[in-house]
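Those protein sequence lines, which keep their order, are chains A and B.
Per this note's numbering, numbering through the first sequence is continuous, rising by one, with the last residue being 538.
Per this note's numbering, numbering through the second sequence is continuous, rising by one, with the last residue being 562.
First comes the structure, then the notes that go with it.
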Amino acid sequence: ITDLGPISLNWFEELSSEAPP
Amino acid sequence: HSTEQTEIADLPACENLNPGNLQLVSELKNPSSSCSVDVSTMWWERAGTKEPCIITACEDVVSLWKPLNSLQWEKVHTWHFTEVPVLQIVPVPDVCNLICVALGNLEIREIRSLLCSSGDESEKQVLLKSGDIKAVLGVTKRRLVSSTGTFCNQQIQIMTFAEDGSSKDEQLLMPPDETVLTFAEVQGTQEALLGTTTMNSIVIWNLKTGQLLKKMHIDDAYQAAVCHRAYSEMGLLFVVLNHPCAKESQALGSPVFQMLVINPKTAQSVGVLLCSLPQGQAGRFLEGDVKDHVAAAVLTSGTIAIWDLLLGHCTALLPPVSDQSWSLVKWSGTDSHLLAGQKDGNIFIYRY
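Below you can see the structure in the form of structure tokens.
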């Protein structure tokens, strides 16, 4: 699991703010 | 990452499995005259009382059964289909008195909702969608998601039903540049939806905004696997796929389900668990269902096998009953029961 890169508990909110509307 | 890196769950011998994990509760004896295609459960309200009911489907008829007592069931409604055969029942969570069904020959051509008019309790059906439908799934908050067409003219739509199942609201999700084949809910992140594509990718949407959040290519070792369920935990996605590989090896046994962990931020993934059959058991995945932390599969041998995904090993085996192979397995959406179906239409209900 350490090979998977930095983990964010707020991944859903972060990806939603980065993705095109 | 290849399956070789995956941690292999213990392979307990068959005799160590506790047969008491499954207890027969009741049986629907040959409810239909033709071949059974699907079974499901739902809540149905009559005269102000909500009851957990069973839905059975064969190619030309769908029936609703209400409990008479803990052992017996009574058929209360029947919907007939004379033109296009029934392929599957599509349960819609959080809604009462509404069943959806997918109709077609080899591929889905129509999705219909089945209702009863409140006045005379007569059965009616409403065409919700028609065309080249690739995938359909009922999701929480009374929603139904479907994909139609292929990558260049693909449309992914989400319908929201009213509490009584009548009116609906429609919204489009942004399509990926690959054809979507299956959908899966994400336990722990209610507004996230997962999809698998023909090009061996997993995509994530935000159901509220319709945004496509990520497309993640997974290793070709997982090709042709269907995603059954996903869990969002500690910033990671744990994805349950059936194992498409027919090969049996000394080390892996017969793998039936596999679990991948994906970091949705980086799209990196690795296999973490293989759910294999106990030693001495053979068979490949035919069809299956995953609910919470339990996975059930009908195997090519005609046996049903159950895995606890937290323990990581097979917890129950249900061999064919009365020399009839199992053809269907579904977890009940209304309690902790397992519904097991035979080709001739018999449905057995087990407590797990």
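Glycine is no exception: its CB is placed at the ideal position from the N, C-alpha and C atoms.
If you run the structure through DSSP and keep just helix, strand and coil, what is H211 of chain B?
Residue confidence for H211 of chain B is low, a pLDDT of 37 falling below 50, so the modelled location carries little weight and cannot support an answer.
Kindly list the residues whose CB is nearer than 7 Å to the CB of L313 of chain B, restricted to its own chain and excluding five residues on each side of it in sequence; keep chain order.
So the qualifying residues of the chain are F291, V294, P295, V296, L297, R319, E320, R322.
I want to know whether the segment 527–539 of chain B touches the segment 503–516 of chain B - three or more CB-CB distances under 8 Å.
Contact between the segment 527–539 of chain B and the segment 503–516 of chain B is present, with at least three C-beta pairs closer than 8 Å.
For V247 of chain B, go through chain A and note every residue whose CB falls closer than 7 Å to its CB, in chain order.
Those within 7 Å of V247 of chain B in chain A number zero; the least Cβ separation is about 36 Å.
Classify A431 of chain B as helix, strand or coil using the three-state DSSP reduction.
Note: A431 of chain B maps to helix in three-state DSSP.
Roughly how many angstroms lie between the CA atoms of W289 of chain B and G543 of chain B, to the nearest whole one?
Spanning the two alpha carbons is a distance of roughly 21 Å.
Alpha carbon to alpha carbon, how far is P262 of chain B from S250 of chain B?
Rounded to whole angstroms, P262 of chain B and S250 of chain B show a C-alpha spacing of 11 Å.
Can you tell me which residues form a DSSP beta bridge with K553 of chain B?
In the DSSP output, where bridge partners are listed per residue, K553 of chain B has none listed.
Buried or exposed by the 16-neighbour rule on C-beta atoms within 10 Å, applied to G498 of chain B
With 16 or more neighbouring CB atoms inside 10 Å of its own CB, G498 of chain B falls in the buried class.
Own chain partners of D270 of chain B with C-beta closer than 8 Å, once the 5 adjacent residues on each side are dropped
These residues qualify, in order along the chain: S244, H290, F291, T292, P295, V296.
Could you check the C-alpha separation between Q233 of chain B and H547 of chain B for me, to the nearest Å?
The straight-line gap from Cα to Cα measures roughly 9 Å.
Can you find the residues in the same chain that come closer than 7 Å, C-beta to C-beta, to Q400 of chain B, ignoring five residues on each side of it along the sequence?
Taken in chain order, the residues that qualify are T350.
Which residues, in order along the segment 393–412 of chain B, keep a beta-carbon less than 8 Å from a beta-carbon of chain A?
Taking a C-beta cut-off of 8 Å against chain A, the contacting residues of the segment 393–412 of chain B are T399, E401, A402, listed in chain order.
So, with DSSP's three-state summary, where would you put I218 of chain B?
With a pLDDT of 46 at I218 of chain B, under the threshold of 50, the modelled position of this residue cannot be trusted; read the value that follows with caution. Judged by DSSP in its simplified three-state form, I218 of chain B adopts strand.
Beta carbon of I264 of chain B, beta carbon of W283 of chain B: below 8 Å?
Yes. Within cutoff.
Per DSSP, F448 of chain B forms a beta bridge with which residues?
Beta-bridge pairing links F448 of chain B to B:Y441, B:V471.
Judging by CA-CA distance, which residue of B:G445, B:L391, B:Q421, B:H453 is the nearest neighbour of F361 of chain B?
For F361 of chain B, the nearest C-alpha among the options comes from B:L391.
Enumerate in chain order the residues of its own chain whose CB-to-CB distance from F448 of chain B is below 7 Å, with the five nearest sequence positions on each side excluded.
So the list reads A440, Y441, M469, V471, once near-sequence residues are dropped.
Among B:A492, B:M426, B:L484, which one has its Cα closest to the Cα of A477 of chain B?
Nearest of B:A492, B:M426, B:L484 to A477 of chain B, Cα basis: B:M426.
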